[in-house]
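Going left to right, the sequence shown walks through residues 43 to 248 as this note's numbering numbers them. Just so it is clear, CB atoms sit at the ideal spot from N, CA and C, and this is done for glycine as well. This report refers to the structure that appears directly beneath it.
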Amino acid sequence: PLNLSFFSGIDETPLFRWLKEADNLKLTWWIYGMIVLIGLLAINTIFCTVEGLLKRLSMKNLLLKLSPQIIHIGVLLIMLGHLLTASIGIKEDVFLKKGEEASIGRGVRIVLQDVSVVTDEEGYDIDWTSRVKVVSGSITDEIALKPSRPVYRAGFGFFVQAATRDEEEISSLIRVIDDPGVLWAMLGGGLVVISGVMFLIARIKQ
Numbered sequence: 043p044l045n046l047s048f049f050s051g052i053d054e055t056p057l058f059r060w061l062k063e064a065d066n067l068k069l070t071w072w073i074y075g076m077i078v079l080i081g082l083l084a085i086n087t088i089f090c091t092v093e094g095l096l097k098r099l100s101m102k103n104l105l106l107k108l109s110p111q112i113i114h115i116g117v118l119l120i121m122l123g124h125l126l127t128a129s130i131g132i133k134e135d136v137f138l139k140k141g142e143e144a145s146i147g148r149g150v151r152i153v154l155q156d157v158s159v160v161t162d163e164e165g166y167d168i169d170w171t172s173r174v175k176v177v178s179g180s181i182t183d184e185i186a187l188k189p190s191r192p193v194y195r196a197g198f199g200f201f202v203q204a205a206t207r208d209e210e211e212i213s214s215l216i217r218v219i220d221d222p223g224v225l226w227a228m229l230g231g232g233l234v235v236i237s238g239v240m241f242l243i244a245r246i247k248q
C-alpha cells in the first residue's frame with residue numbers, strides 16, 4: 043500500500059496528536075475531510091433527534107416511536123467517545139530500566155522495580171512479570187504486569203509490551219493508555235442495542 047510507513051503509527055497514537063505530529067497536509071487532507079463530514083453528520087443527527095422527539099411525544103406506541111431517536115442518541119454518544127479519545131486520550135510506550143522513573147501525566151509517575159522472566163528448555167522467554175510502582179500524589183500502588191493482563195490504576199491502563207532481564211540490563215517496555223471516551227462509546231453502543239431490541243419487540247406486538 044502507498045505510504046504504509048507514514049500511516050503505520052496512526053493506530054498507536056490518539057488521532058489529533060498524530061495529525062499534529064505528522065504535519066503533512068498533502069497526505070492527511072482526507073482525514074480532515076472525514077472529520078468535517080462526521081461533524082456535519084453529528085449535527086444533522088442532533089437536529090433530527092430533537093425534531094423527532096418533539097413530534098412523537100405521545101403515549102400511543104411510544105416505545106416504537108422513540109426507538110429510532112434513542113438509536114440516534116446512542117450513535118451520538120459513540121461519536122462523542124471517539125472524539126474524546128482522539129483529542130485528549132493517551133497512548134504511549136514508556137521504556138524503563140530498573141529503578142528508573144517516568145511521569146505519564148496528571149501528576150502520576152511510574153517506577154520499574156523489578157522484572158522476572160520465565161524461559162523454556164531452549165532458553166526462549168515464555169512469560170515475564172514487570173513489577174511497577176504507580177505514584178499518584180500521596181497514593182502509591184505496586185502492580186505486577188504480565189503479557190495480555192493489563193492493570194488499571196490512577197485512571198490509566200498499564201500493559202507490558204516487552205521485558206528484558208540479563209546480565210547487562212533489567213528493563214521493560216510499558217504501554218500507558220488513558221481512554222476517556224471508552225465509557226461514552228460503551229454507553230452509546232448499549233443504547234443502540236437496547237433500542238434496537240425495543241423496536242423489534244414493539245413491532246412484534248403490533
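Inter-residue distance for Met76 and Asp183 is about 41 Å (C-alpha atoms, whole angstroms). Per DSSP, the continuous alpha helix (DSSP H) segment holding Lys62 begins and ends at Leu57 to Ala64. In the three-state reduction of the DSSP assignment, Gly232 falls in the helix class, which pools H, G and I.
Setting aside the 5 residues that flank it on each side, Asp162 is surrounded in the same chain by Ile168, each with a C-beta closer than 6 Å to its C-beta; the list follows chain order. If you check the CB distance, Ile120 and Ser237 do not come in under 9 Å.
For Arg148, the three-state secondary structure derived from DSSP is coil. Sequence-distant partners of Leu233 (beyond 5 residues in either direction) whose C-beta falls short of 8 Å from its own C-beta, in its chain, are Ile112, Ile113, Ile115, Gly116 and Leu119. Residue nearest to Ala205 within the set Trp226, Ser172 and Leu229 is Ser172 (criterion: CA-CA distance).
Ranked by Cα distance from Val150, the options Cys90, Thr91 and Ile219 are led by Ile219.
Following the DSSP letters along the chain, one finds Ser214 inside the beta strand (DSSP E) bounded by residues Ile212 to Asp220.
In this model, Ile80 and Leu46 are separated by some 24 Å (Cα to Cα). Residue Ser109 holds the alpha-carbon nearest to the alpha-carbon of Arg245 among Ser109, Thr87, Ser178 and Leu61. Secondary structure of Gly179 (DSSP, three-state): coil.
Pairing Arg191 with Phe89, the inter-Cα distance amounts to about 43 Å. A direct Cα-to-Cα measurement between Lys247 and Glu93 gives close to 26 Å.
In the DSSP annotation of this structure, the continuous segment of the beta strand (DSSP E) that includes Glu134 starts and ends at Ile132 to Lys139. Under the three-state reduction of DSSP, Glu184 is assigned to strand. As the crow flies, the alpha-carbon of Asp156 is around 15 Å from that of Val136. Around Leu125, the same chain offers no residue with a beta carbon nearer than 6 Å, after the five sequence neighbours per side are excluded.
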